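Trainee: According to full-length UniProt numbering, the stretch in the sequence shown is residues 1 to 728, in order. Structure incoming, see below.
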Amino acid sequence: MYKKIAFILAVAVLTIACMPAYTFAADEGLEKAIKTVKQYFSIPDNFTEFDYGINSAGDRKIWQLNWTSKDGDGLVGASVDSNGDIISYIFYDNTDYNSSKKIPKISRQEAQAKAEEIIKKINPGIFENLKFVDSFAYQGMLNDDAYYFTYIRTHNGIPLPENNICVGINRNTGEVRQYTKQWNNDTVFPSSEKALSIEEAQKAYIENLGLRLTYYSRNNGDKTEVYAAYTPIFESDYYIDAITGEKVYLGYSYNGAEEWSYDGALKNVAVGRGETVALSPQEIDAINEVSKLLTQEEAEKKVREIKLFELDENYIVNSASLSTSWTSKNDFAWNLYFEKEVSGTNKEYDFLYIAVDAKTGEIRSFSRPFSNIEDIEPKFDKEASKAEVEKVIKELQPEKFAQTEYQELYNDRIYNNTNEKPKTYGFSYVRKVNGVLFPENNISVTFDAVNGKIVNFYTRWSEVDFPSVEKVIPLSEIYEKLFSEIGLKLQYRIDTNAQNNSEELAYEKIDIIQAYNKNIKLRLIYAFDEGKPIRFDAFSGEILDYEGKPYKENKIQEYNDISGHYAEDIIKLLAEMGIALEGPEFKPNEEIKQKDFLLLISQIIDGGYRFFGKTALKENKEIEDLYTLLIREGIVKQNEKDPEAPLTREESVKFIIRVLRYDKIAELTDIFNCTFKDKDDISSDLIGYVVLAKGLKLVSGDGEYFRPKNKLTRADAILIIYNYLNIL
């Protein structure tokens, strides 16, 4: 994630440089900017093409400098402000990617030392006010060509996360590959002398923000199940003011229940509940016979009879489809797209896109154009809009509406400088079962306050069972866990709602332009550690991740039983790369099970992204997913599946040779000369695999013996993986 952020920020600066510049001399300060970059970074001799851009952000001028190679395989981009401050630097070369899958030549610790060295060099005197943020959870995968390190700004020990420096160090050369600096100069930090104590802050959180019991869904095998959890009442941009204890909102979000576009409507409304599954005409006919679904004509007739839609004979059905919900193959909807040509100089079209339950005829979703009329006073205020919306919901979905509770949209804000009345309003009605909200099921509506019409209507509703909440843990006990296991901490945050009247700043809480604005306002707040999810199992009190599974902190795996072992250094190195088995004991001399060796393999194929961070298989579904992947990849055959069985040495090389895609060669057994004295003990069909593995230095024998039927130890399994990575 940090790699992506760094790259996005660098691209953002590139974008700024390409924007129309203010009128100042193009060569003003250019020489200084070039020399500043070259003072800290080397530009390869073959990067002979040079261009630059110039712009202004806040009260600063910014130079964007770009060096590229003639063949287009290399790029150096850097941005420097008029104060000589380097804002971003990015280096790209194809040679980095080509070497990215190899074992790194420098350790993460060595790379971090180099990152800190460049930070201190470019920014003398500020390092003591930086705090390192361990970013292992977002890096370490095999396709990464660099290590990434993030340091956030602090003042008197209190962090300001929006100000930070991120550095990427090449894993083989130790050179800087990315550098970005988000920083506000001339910043006034509010005093923390009068800040609430932690006990007072905890009390304020309970009173002004707080947790509530909520239903969520998660996948359990092939089924979707609902579970109960305690989660925050308010969204993440709400905090506790550290001085007053009040609830404060420091972010900005889009106003409305759903962000809609014409294309989005076509995609999202099609089913009314998620992705569509297209059906052929023959399949539709079969389903109509068996399930007695509405025909297209019947669905269209029901829609036309609803006065709300105002569908006269000029509206024709341009397209129609029957589709199933991704959550249930038996959940069908007709998706009808009505279109009407509007008279005028240029051809324009009015449309209605609507999803109809193919069994009940219920209207699930619809969308139509906004009024888009300039300079017209809205006819409806928020309360009048809400009344109109509820009247329509009661007409279209009376039973569902009776099971919902209106929820004020915390992002229901419109930023404008003239205090104009909003032209649209968003409303959300959340399903409530057993007195507990289920946010994943709701009715969301966007109302056009100019023409008095609903322009977007969207229903999410699932046929699921809800567990009883009679025996949940008391909320007071959850608060104790919240404060002890996650904990409130003082932070400085940029208050975007208190910025000057710059429209750009209203739409991006952390953007590249804001980083140069001097007129920001900081607020001292209490916040939770953003690295941990605030979601507690309502019965056990355990912290859950956002998939509803027990939360596990993603950090470098450490072991307490490998000191002095012959494989110690390699076990540690691969753990840094995310290739590991669950600790805290590695048990290096124990036999490894087939599933665990295959788990290690899954961490190295396709850059490891499919099973990155997974160090143990504890559920049957996880085991099935692993074997499904490896059988599909041709690494394991169906009849070889034996998860709990200990793995022999000859079986291990069979699997690793298949990872290399050399199995077709290995099966040509007559061409191989095996020199191991115990070659007769090797399974005849695996002779080629063993010889190839020895030749590639994936394995070594015990002297002149291979010991094919010996069980593979966990340490030797790691060595095989290490040797594999070394030959890539």
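For glycine and all other residues, C-beta sits at the position ideal for the given N, C-alpha and C. Only a predicted model underlies this, so the values are computations on that prediction, with no experimental measurement involved.
Are three or more beta carbon pairs between the stretch 199-219 and the stretch 115-135 nearer than 8 Å?
Mentor: Counting Cβ pairs under 8 Å, fewer than three are found: no touch.
Trainee: Tell me which residue opens and which closes the alpha helix (DSSP H) that Val389 is part of.
Mentor: Segment Lys382 to Leu396, the alpha helix (DSSP H) holding Val389.
Trainee: Count the other CB atoms within 10 Å of the CB of Asp670; is the residue buried (16 or more) or exposed (fewer)?
Mentor: Counting Cβ neighbours within 10 Å, Asp670 comes out exposed, since fewer than 16 surround it.
Trainee: Out of Arg632, Ser365 and Ile592, which one is the CA nearest neighbour of Phe309?
Mentor: The shortest C-alpha separation from Phe309 is found at Ser365.
Trainee: If we ignore side chains and look at the alpha-carbon of each, how far apart do Tyr254 and Ile571 end up?
Mentor: Low local confidence applies: a pLDDT of 35 at Tyr254 is under 50, so the model's placement there is unreliable, and no value is given.
Trainee: Determine the extent of the alpha helix (DSSP H) in which Ala666 is found, giving its start and end residues.
Mentor: Element bounds for Ala666: Asp663 to Ala666.
Trainee: For Tyr254, name the three-state secondary structure that DSSP assigns.
Mentor: Reliability fails at Tyr254, whose pLDDT of 35 lies under 50, so the model's placement of it is uncertain and no value is given.
Trainee: Touching or not, the stretch 534-550 and the stretch 574-591, by the rule of three or more beta carbon pairs under 8 Å?
Mentor: No, the stretch 534-550 is not in contact with the stretch 574-591.
Trainee: Going by beta carbon distance, what residues of the same chain come within less than 7 Å of Ala33, once the five residues before and after it are set aside?
Mentor: So the qualifying residues of the chain are Trp63, Leu65 and Val80.
Trainee: Please go through the same chain and pick out, in chain order, the residues whose beta-carbon is closer than 6 Å to the beta-carbon of Tyr337, but skip the five residues on each side of it.
Mentor: Asn318, Ser319 and Tyr353.
Trainee: My output table needs one value for Glu310: the three-state DSSP class, helix, strand or coil.
Mentor: The answer is coil: DSSP assigns Glu310 none of H, G, I, E or B.
Trainee: So, under 8 Å CB-CB, Ile158 and Ser192 are touching, yes? Tell me the CB distance rounded to an integer number of Å.
Mentor: With 8 Å as the limit, Ile158 and Ser192 qualify as a contact, their Cβ atoms being about 6 Å apart.
Trainee: Relative to the C-alpha of Thr48, which residue among Glu31, Gly29, Thr68 and Asn55 is closest?
Mentor: Taking only the C-alpha atoms, the option nearest Thr48 is Thr68.
Trainee: Alpha carbon to alpha carbon, how far is Thr459 from Ile443?
Mentor: So the two alpha carbons sit approximately 5 Å from each other.
Trainee: What whole-angstrom Cβ distance do Pro584 and Glu558 have, given they're in contact under 8 Å?
Mentor: Confirmed, Cβ separation roughly 7 Å.
Trainee: If you pair each beta-carbon of the stretch 204-215 with each one of the stretch 166-183, do three or more pairs fall below 8 Å?
Mentor: The stretch 204-215, when compared against the stretch 166-183, does not touch it at the 8 Å Cβ threshold.
Trainee: For the alpha helix (DSSP H) that contains Phe466, what are its first and last residues?
Mentor: Neither: Phe466 is in no alpha helix (DSSP H) and is coded neither H nor E.
Trainee: Start and end of the beta strand (DSSP E) containing Val167?
Mentor: Counting along the chain, the beta strand (DSSP E) containing Val167 begins and ends at Ile158 to Asn170.
Trainee: Run through the DSSP bridge pairs and tell me what Phe91 is partnered with.
Mentor: Per DSSP, Val76.
Trainee: Quick check: the stretch 523-541 against the stretch 446-458, are at least 3 beta-carbon pairs closer than 8 Å?
Mentor: With the cut-off at 8 Å, the stretch 446-458 and the stretch 523-541 do not touch.
Trainee: Would you mind sorting Tyr566 into buried or exposed? The rule is 16 or more other CB atoms within 10 Å of its CB.
Mentor: Per the 10 Å Cβ criterion, exposed.
Trainee: Could you work out which residue in Leu629, Ala229, Tyr92 and Gly84 is closest to Val76 when comparing CA atoms only?
Mentor: Taking only the C-alpha atoms, the option nearest Val76 is Tyr92.
Trainee: I need the straight-line Cα distance from Lys664 to Gln112, nearest angstrom please.
Mentor: Computed Cα separation, rounded: 43 Å.
Trainee: Who are the Cβ neighbours of Pro439 in its own chain at under 6 Å, not counting the five residues just before and after it?
Mentor: Result list for Pro439: Val430, in chain order.
Trainee: Do residue 729 and Pro588 have their CB atoms nearer than 8 Å?
Mentor: Residue 729 lies beyond the residue range present for the chain, which begins at 1 and ends at 728; the question has no answer from this structure.
Trainee: Name the two residues that bound the continuous beta strand (DSSP E) containing Leu719.
Mentor: Element bounds for Leu719: not the beta strand (DSSP E) but the alpha helix (DSSP H), Arg714 to Asn726.
Trainee: May I ask which residues mark the beginning and end of the alpha helix (DSSP H) holding Arg632?
Mentor: That run of the alpha helix (DSSP H) goes Asn620 to Arg632.
Trainee: Do Phe466 and Tyr230 come within 8 Å of each other at the CB atom, strictly closer than that value?
Mentor: Not closer than 8 Å, so no.
Trainee: Can you tell me whether DSSP reads Pro708 as helix, strand or coil?
Mentor: It is coil, neither helix nor strand.
Trainee: Just to confirm the assignment, what range does the alpha helix (DSSP H) spanning Leu482 have?
Mentor: It is not in any alpha helix (DSSP H) - Leu482 carries neither H nor E in the DSSP assignment.
Trainee: Rounded to the nearest angstrom, how far is the Cβ of Ile233 from that of Leu211, given a contact under 8 Å?
Mentor: Correct: roughly 7 Å between the Cβ atoms.
Trainee: Assign Asn164 to one of two classes, buried (16 or more other C-beta atoms within 10 Å of its C-beta) or exposed (fewer than that).
Mentor: Looking at its Cβ environment, which holds 16 or more other Cβ atoms inside 10 Å, Asn164 is buried.
Trainee: On the DSSP bridge list, what partners appear for Leu692?
Mentor: None; Leu692 has no bridge partner.
Trainee: May I ask you to verify whether the stretch 675-682 touches the stretch 621-641, counting CB pairs closer than 8 Å and requiring at least 3?
Mentor: They do not touch, by the three-pair rule.
Trainee: Judging by CA-CA distance, which residue of Val167, Val464 and Glu199 is the nearest neighbour of Gly487?
Mentor: Measuring from the Cα of Gly487, the nearest candidate turns out to be Glu199.
Trainee: So, helix, strand or coil for Asp561, using DSSP?
Mentor: Residue state, collapsed to three classes: coil.
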